[in-house]
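Residue numbers (full-length UniProt numbering): 1 to 161. Ideal Cβ placement from N, Cα and C applies to all residues, glycine included.
This is the structure:
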């Protein structure tokens with residue numbers, strides 16, 4: 001397969017999977033936020049903060065997309081791996097792996113949205129649980145952070161920035 005295919009797939013999977021998962025997570029939390037705000041408008045600020053937490057995975061996907069395209073030379077010049085030799089195919093496959101890693105770990109935005117939604121309900125009943133709700137939701141985010149770190153290591157050591 002041509003190296004550009006691997007690079008394109010890696011970039012698309014990083015941003016696409018993480019972005020779609022963030023959309024689901026924000027949607028789940030948003031439904032809970034709408035209910036909490038309908039009960040009492042004072043819940044808006046806390047609900048908005050908790051609802052936004054699953055959005056960070058899409059940011060990780062976008063960062064990875066840019067790093068993949070930058071390290072392959074697509075951004076800022078010409079494609080570095082145009083010759084389909086073994087070295088270029090391996091480097092392109094590494095970029096595919098980096099994108100897939102961020103995309104798959106970005107799926108953590110969906111359970112994070114579920115946790116954030118439950119936290120919104122809890123905070124609406126007891127505002128003192130806000131910090132705990134953020135911590136519970138952040139636990140799901142940890143996997144996405146691990147994926148981003150892994151992808152950064154793959155890109156930096158396998159291809160170079």
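Touch test, the segment 90-104 against the segment 64-81, Cβ-Cβ under 8 Å, three pairs minimum | yes
For residue 54, does the three-state DSSP call read helix, strand or coil?
-> helix
How big is the Cα-Cα spacing for residue 85 and residue 91?
-> 10 Å
Selection from 51, 147, 77 that minimises the alpha carbon distance to residue 17 | 147
Determine the burial state of residue 156: buried for a count of at least 16 other Cβ atoms within 10 Å of its Cβ, exposed for fewer.
-> exposed
Answer yes if the segment 1-8 comes into contact with the segment 21-34, meaning at least three C-beta pairs across the two stretches below 8 Å, and no otherwise.
-> no
Beta-carbon proximity check, residue 102 vs residue 61, cutoff 9 Å | yes
Alpha carbon to alpha carbon, how far is residue 13 from residue 82? Give it in angstroms, no decimals.
-> 21 Å
Beta-carbon spacing of residue 109, residue 64 below 9 Å = no
Tell whether a beta-carbon distance below 9 Å holds between residue 59 and residue 113.
-> no
For residue 139, which option in 21, 115, 19 has the closest C-alpha, if you only look at C-alpha atoms?
-> 115
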